[in-house]
Amino acid sequence: MSQPMNLPVSNPGLIHVFVYGTLRAGEANDLRVAAAARGIPEPELLGSASLHGRLYDFGAYPGLVLDPTGTAVRGDIYRIDAALVPVLDEIEEVYPGGDALFVRENHAVVLGGSTVDCIVYPVSAQHVAGRPVITGGDWVAHRLARE
């Protein structure tokens, strides 16, 4: 499992995360709500971005398999306090040494012409067999369309 990087921001306790599913604003595991519930400073939305891969429907949440030849998967980049990372790990059930569905990795994400190093929570490709692909690459739009 990759460890979070100290990114070049004004406060070394702040890092970036790319969220594409239930951690997005207004979704079931909204990272802003998770931070507020634990007294962690509010995440700062930097903007919408995308990573290439395949987005799968797991029912209540999506899973992203990163693939540079895949479709653009829509998400948002937030600047977060480092104290929020263990909370996000808990939400995504990422634990050291485990065979978890989600993993924590660092990836470069393009935002407005600049590259931002972000924590991303993709799923292991071995766990997507038989799951439907979300062809549009946008979990929120997919969820709303099926409701």
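Those letters in the sequence shown? Residues 1 to 147, per the UniProt record's numbering, in order.
Backbone N, C-alpha and C fix where the C-beta goes; we use that ideal spot for every residue, glycine too.
Everything numeric in this text was worked out from a predicted model, so none of it was measured.
Exercise. Hey, quick one: how far does the alpha helix (DSSP H) through I91 stretch, first residue to last?
Worked result: V85 to I91
Exercise. Are there 16 or more other CB atoms within 10 angstroms of the CB of D76, so buried, or fewer, so exposed?
Worked result: buried
Exercise. For L144, which three-state DSSP category applies?
Worked result: Helix, per DSSP.
Problem set entry | Any alpha helix (DSSP H) of 4 or more consecutive residues that is wholly inside the UniProt domain "Gamma-glutamylcyclotransferase AIG2-like" (17–140) | 31–37 and 85–91
For this session: Give a yes or no on whether the C-beta atoms belonging to L66 and L55 are separated by under 8 angstroms.
Result: A distance of 8 angstroms or more separates the beta carbons of L66 and L55.
For this session: Measure from the alpha carbon of A108 to the alpha carbon of each residue in A129, A83, I119 and S124, then state which is nearest.
Result: Here the closest residue by C-alpha is I119.
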